[in-house]
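Worksheet: one structure, shown below.
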């Protein structure tokens, strides 16, 4: 399994942010084990990064690796849809076949 | 005492006039318009003029076009955005869509990132102005309408807290319907400006209307505007300044002593004279006299011709003993010939103003205004005449307009009907059919602030120009286009009818 590079952009520590971080950590641990790198970037501290990446809404999760690049916006409250969004779904989605 | 709301001049020509000084400082104004109505140009000009004219830096938040495209598209207006960016006077916040990237939305979100980026950009350039173009696009990126509306409301209040004068643009689907789509006006209800691009009689007409400027005054109604290279939007204020003009009692010559006599000693300096007549009655000749009269008394005349070419005009004038070429060489005359269809009426207004500003004439002749009638709607034409007239009067210039009537023997043209109340003096030229012969008649129909002759006199034309002869004594019905000869006996009887009462 190839290594995952994930970036989560947040704007301050809000309830929504915490929800997103914990959901994401949990999924990563369960599905990816040690093969992932997760960076949490607070836009309030580093606005230029958000400008460079053109982040509009928060939280925004960017899956930089493995390709294809994917973006997920929201508090990630739906586990099934997040798995699909990260190409981790075990269901027979066409994305999964090409990514594996 | 509560201090009144300060206004920020936008730097958009004409707009600050109808906005009574500009946009309310530190407030948000919604600029709504249909596709192609000029919203992005307005927004960009608001920022560019802010930097260049008012010394206020700005932030451009783009939801629609990529900054790269904006930089390129706005070069034609003379706005060098890359340089302004390099000088730290302009910053983009790029929120334009990435076509290649699809975004999955899972759960709740807010626009904290966008707000942080806006604040960052505003701080980095020390912005006083900001543009969000166009907020309707955000709704197409994010499907949750009430969430987006709430988030935009948050951004709008943050802008107010930062004391930024903001222009938010929004789409309209209907020129005379709802203010904007998605009900976005609710959170920027302070001020609303509407740009329109209406098709009227197969002609495009751009207008701008300030619907409201909360807490301050503005001028009501739609004003025409035009978009031109190296300038952008120019709003054309109409008659608003018309009544403030001073009127002097200084008289100037019409170039013909007989006509001066008919007008009670000459034309008033800052007045508008309309000469109306059928084709061939001598309108262009009167213009030629006007030009030579101006030159003879050391004045400068600008001749705007929309019917004939420069060569034709020059040849005609020579035929009447006036040399346009030598007058032009002496700097006493400038002839500008243009084809009416070469530009829109609004552009003609701008062009005329530029010509007047650069040549600085004391007289302006337009031959003929009715030629311009055909490229516009009646309303647009009236606005055109108002705009030119008020500008000319403001500069204390004598204006001579000619208008061609549609029928040979008289009647009134659209031009006359719509502009006669704007002009101060009306001189009529008419054909008179007498004993199977066509002769010409001239009369002064009205002249504000001066007595004038009431007779219809005969006008003849030869190689030295025009000559005004005796009044038509025994003819009636000339102006009605139906001259009838009256027998001498009948005239005497009519004379007695009036004199016997008093004696």
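Residue numbers (my numbering), protein chains in the order written: chain A, 1 to 100; chain B, 1001 to 1503.
C-beta atoms are modelled at their ideal positions from N, C-alpha and C, and glycine is treated no differently.
Close Cβ partners of residue i (< 8 Å) along its chain, the five nearest in sequence each way excluded
{"i": "residue 1348(B)", "result": "1338, 1340, 1372 and 1384"}
{"i": "residue 1249(B)", "result": "1268 and 1449"}
{"i": "residue 1463(B)", "result": "1319, 1320 and 1321"}
{"i": "residue 1355(B)", "result": "1302, 1304, 1334 and 1336"}
{"i": "residue 1471(B)", "result": "1455, 1456, 1457 and 1458"}
Neighbourhood of residue i by C-beta distance below 7 Å, restricted to the same chain and skipping five residues each side
{"i": "residue 1056(B)", "result": "1050, 1128 and 1129"}
{"i": "residue 1145(B)", "result": "1139 and 1182"}
{"i": "residue 88(A)", "result": "31"}
Integer-rounded CB distance, given that residue j should sit under 8 Å from residue i
{"i": "residue 1345(B)", "j": "residue 1376(B)", "result": "4 Å"}
{"i": "residue 1024(B)", "j": "residue 1259(B)", "result": "That pair is no contact at about 53 Å."}
{"i": "residue 1095(B)", "j": "residue 1070(B)", "result": "With a Cβ gap of about 12 Å, residue 1095(B) and residue 1070(B) do not count as contacting."}
{"i": "residue 1304(B)", "j": "residue 1419(B)", "result": "The pair is not a contact, with the Cβ atoms about 16 Å apart (cut-off 8 Å)."}
{"i": "residue 1278(B)", "j": "residue 1407(B)", "result": "7 Å"}
{"i": "residue 1233(B)", "j": "residue 1060(B)", "result": "That belief does not hold up - the Cβ atoms of residue 1233(B) and residue 1060(B) are roughly 16 Å apart, past 8 Å."}
{"i": "residue 1197(B)", "j": "residue 1342(B)", "result": "Contact flag wrong, Cβ pair sits at about 21 Å."}
{"i": "residue 1179(B)", "j": "residue 1152(B)", "result": "No, residue 1179(B) and residue 1152(B) are not in contact; Cβ-Cβ is about 15 Å, not under 8 Å."}
{"i": "residue 51(A)", "j": "residue 1093(B)", "result": "7 Å"}
{"i": "residue 85(A)", "j": "residue 1104(B)", "result": "4 Å"}
{"i": "residue 38(A)", "j": "residue 6(A)", "result": "5 Å"}
{"i": "residue 1368(B)", "j": "residue 1229(B)", "result": "That belief does not hold up - the Cβ atoms of residue 1368(B) and residue 1229(B) are roughly 28 Å apart, past 8 Å."}
Reference residue i, options the options, closest by Cα
{"i": "residue 1199(B)", "options": "1288(B), 1221(B), 1214(B) and 1174(B)", "result": "1174(B)"}
{"i": "residue 1219(B)", "options": "1470(B), 1443(B), 1014(B) and 1155(B)", "result": "1014(B)"}
{"i": "residue 36(A)", "options": "22(A), 65(A) and 76(A)", "result": "65(A)"}
{"i": "residue 1300(B)", "options": "1363(B), 1236(B), 1356(B) and 1255(B)", "result": "1363(B)"}
{"i": "residue 1206(B)", "options": "1400(B), 1421(B), 1037(B) and 1029(B)", "result": "1037(B)"}
{"i": "residue 1379(B)", "options": "1045(B), 1405(B) and 1223(B)", "result": "1223(B)"}
{"i": "residue 1254(B)", "options": "1229(B), 1465(B) and 1393(B)", "result": "1465(B)"}
{"i": "residue 75(A)", "options": "20(A), 5(A) and 15(A)", "result": "20(A)"}
{"i": "residue 1291(B)", "options": "1029(B), 1332(B) and 1080(B)", "result": "1332(B)"}
{"i": "residue 1366(B)", "options": "1306(B), 1374(B), 1330(B) and 1192(B)", "result": "1306(B)"}
{"i": "residue 128(A)", "options": "1107(B), 1177(B), 1310(B) and 1172(B)", "result": "Nothing in the structure corresponds to residue 128(A), since chain A is present only between 1 and 100."}
{"i": "residue 1062(B)", "options": "1436(B), 1052(B), 1137(B) and 1077(B)", "result": "1137(B)"}
{"i": "residue 1028(B)", "options": "1400(B), 1156(B) and 1058(B)", "result": "1156(B)"}
Whether residue i touches residue j by CB criterion (8 Å)
{"i": "residue 1268(B)", "j": "residue 1424(B)", "result": "yes"}
{"i": "residue 1302(B)", "j": "residue 1391(B)", "result": "no"}
{"i": "residue 1458(B)", "j": "residue 1440(B)", "result": "yes"}
{"i": "residue 1236(B)", "j": "residue 1422(B)", "result": "no"}
{"i": "residue 24(A)", "j": "residue 8(A)", "result": "yes"}
{"i": "residue 1116(B)", "j": "residue 11(A)", "result": "yes"}
{"i": "residue 1019(B)", "j": "residue 1194(B)", "result": "no"}
{"i": "residue 1125(B)", "j": "residue 1086(B)", "result": "no"}
{"i": "residue 62(A)", "j": "residue 53(A)", "result": "yes"}
{"i": "residue 57(A)", "j": "residue 1150(B)", "result": "no"}
{"i": "residue 1030(B)", "j": "residue 1122(B)", "result": "no"}
{"i": "residue 1046(B)", "j": "residue 1083(B)", "result": "no"}
{"i": "residue 1398(B)", "j": "residue 1201(B)", "result": "no"}
{"i": "residue 1132(B)", "j": "residue 1168(B)", "result": "yes"}
{"i": "residue 1007(B)", "j": "residue 1022(B)", "result": "yes"}
{"i": "residue 1428(B)", "j": "residue 1276(B)", "result": "yes"}
Local Cβ density within 10 Å of residue i, reported as buried at 16 or more and exposed below that
{"i": "residue 1112(B)", "result": "buried"}
{"i": "residue 1321(B)", "result": "exposed"}
{"i": "residue 1487(B)", "result": "exposed"}
{"i": "residue 1294(B)", "result": "buried"}
{"i": "residue 1289(B)", "result": "buried"}
{"i": "residue 1243(B)", "result": "In this predicted model, residue 1243(B) has a pLDDT of only 48, less than 50, meaning its place in the structure is not dependable enough to derive any value."}
{"i": "residue 1120(B)", "result": "buried"}
{"i": "residue 1064(B)", "result": "buried"}
{"i": "residue 1296(B)", "result": "exposed"}
{"i": "residue 71(A)", "result": "buried"}
{"i": "residue 1217(B)", "result": "exposed"}
{"i": "residue 1495(B)", "result": "exposed"}
{"i": "residue 1497(B)", "result": "exposed"}
{"i": "residue 1286(B)", "result": "buried"}
{"i": "residue 94(A)", "result": "With a pLDDT of 48 at residue 94(A), under the threshold of 50, the modelled position of that residue is not reliable, and the figure given next carries that caveat. Label assigned to residue 94(A): exposed."}
{"i": "residue 1370(B)", "result": "buried"}
{"i": "residue 1072(B)", "result": "exposed"}
6 Å CB neighbourhood of residue i in its chain, flanking five on each side removed
{"i": "residue 81(A)", "result": "none"}
{"i": "residue 1040(B)", "result": "1133"}
{"i": "residue 1088(B)", "result": "1125"}
(message) Under 9 Å, CB to CB, which of the residues in the region 1137-1169 of chain B have a partner in chain C?
(response) Note that chain C does not occur in the displayed structure, where the protein chains are A and B.
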